[in-house]
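Heads up: the structure comes next, in structure tokens.
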Amino acid sequence: MVDDAGAAVGPRMGGRGRGARGGKAEDKEWIPVTKLGRLAKDMKIKSLEIYLFSLPIKESEITDFLGASLKDEVLKIMPVEKHTRAGPQTRFRAFVAMGDYNRHVGLAVLCAPRGTVGTLTVPE
């Protein structure tokens with residue numbers, strides 16, 4: 001049996017629920033790793049004009065922090081086929097445009113085996 005010291009862990013034994021993998025993701029504070037990330041978090045960079053200086057954005061949180069007004073729209077989803085020995089394999093290719101309404105536009109081409117291409121994450 002289990003004593004009251006809390007030795008048993010699990011959903012029925014008063015533990016932590018679903019565990020580390022299946023539990024809810026906590027809202028963690030963003031800790032920047034790169035110099036550009038530290039500048040963005042300190043509000044020294046306030047817009048996406050850093051592309052003028054050819055600085056690579058290596059953290060996705062930078063665009064989340066700077067571009068709160070980014071919108072994306074799926075332009076077209078089209079099926080593409082590849083013929084193999086086992087038969088044709090259908091994949092879906094999506095063209096997604098994203099940007100803020102202030103001179104910044106990006107285009108992403110995504111491909112997935114199912115029609116849920118529009119729900120894929122657009123590369124920053």
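Using the UniProt record's numbering, count along the sequence shown one by one with no gaps and you end on 124.
All C-beta atoms in this analysis are idealised placements derived from N, C-alpha and C, irrespective of residue type, glycine included.
Just so you know, these numbers come straight off a predicted model, no measurement behind them.
- In the DSSP assignment, the residues bridged to V74 are V96.
- Counting along the chain, the unbroken alpha helix (DSSP H) around G37 starts and ends at K35 to K41.
- Across the structure, A40 and R93 are spaced so that their CA atoms are roughly 33 Å apart.
- Looking at the DSSP output, R91 bridges to V80.
- In the DSSP assignment, L66 falls within the alpha helix (DSSP H) that extends over S60 to L66.
- Counting along the chain, no beta strand (DSSP E) covers A86, and no H or E run does either.
- In the three-state DSSP reduction, L55 falls in the coil class, being neither helix nor strand.
- Note on geometry: alpha-carbon atoms of L75 and N102 lie some 19 Å from one another.
- Distance from the Cα of D72 is smallest, within the candidate group P113, F95 and M43, for F95.
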